[in-house]
C-alpha cells in the first residue's frame, strides 16, 4: 500500500468489498431460488463438511456471531434441512446435522458455488490462488488470535 491511510488501498476494505460483491449475487441467484439466506448457506457449508458440530463451534468456524448462527439454524430447521441431536457427553448441548433434504440442497448449492468460484478466479493462475489461500489462512489465524486476546481482557 502506497499510503497507509488510503481507503482505496485498504486491504481490509478490499476484502469487505469482495465479500459484498459475491454475497449479493449469491442471494439473487441461489438464495431466492432455494429459500436460503447467505448465513444459512454458510452454516450448511460447514455442517456438510463437518457434521455433528455445536452452535458454538459453527460460530467459530463461520466467523458469524452466535445470534446470526442461531437465526441461520432456526431457518434451516424451519425448512427441515437440519436435525439436532442431544450431545451424549453434555445434555445441555446439541449436535447439529443436515437432514436428507439439507444434504440434497447442500450438494446442489455446493456445485453452483464451485462453478461460481471457478468463474471468479478464472483470471488468477494456480500459484496466485495458492498464495492467496496461504495469505487468507494467515489472516484468519491472526484475526482469530486477536479476537481471543480481546475476549480475555477484563
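Residue numbers (this note's numbering): 816 to 969.
Think of the CB as a built atom: it goes at the ideal place given N, C-alpha and C, for glycine as much as any other residue.
Distance between residue j and residue i (C-alpha atoms, nearest Å)
| i | j | result |
| --- | --- | --- |
| residue 962 | residue 924 | 31 Å |
| residue 912 | residue 896 | 9 Å |
| residue 927 | residue 905 | 37 Å |
| residue 901 | residue 880 | 22 Å |
| residue 915 | residue 935 | 30 Å |
| residue 833 | residue 903 | 41 Å |
| residue 953 | residue 946 | 11 Å |
| residue 938 | residue 865 | 31 Å |
| residue 948 | residue 894 | 33 Å |
| residue 951 | residue 837 | 17 Å |
| residue 825 | residue 835 | 15 Å |
| residue 941 | residue 871 | 34 Å |
Contact check, residue i vs residue j, beta carbons under 8 Å
| i | j | result |
| --- | --- | --- |
| residue 852 | residue 878 | no |
| residue 884 | residue 874 | yes |
| residue 931 | residue 867 | no |
| residue 869 | residue 908 | yes |
| residue 921 | residue 846 | no |
Exposed unless 16 or more other CB atoms sit within 10 angstroms - verdict on residue i
| i | result |
| --- | --- |
| residue 858 | buried |
| residue 887 | buried |
| residue 943 | exposed |
Beta-bridge pairing of residue i - partner residues as DSSP gives them
| i | result |
| --- | --- |
| residue 897 | 913 |
| residue 905 | 902 |
| residue 868 | 911 |
From the options, residue whose alpha carbon lies closest to that of residue i
| i | options | result |
| --- | --- | --- |
| residue 917 | 841, 898, 836 | 898 |
| residue 919 | 856, 938, 827, 835 | 856 |
| residue 892 | 872, 850, 951, 948 | 850 |
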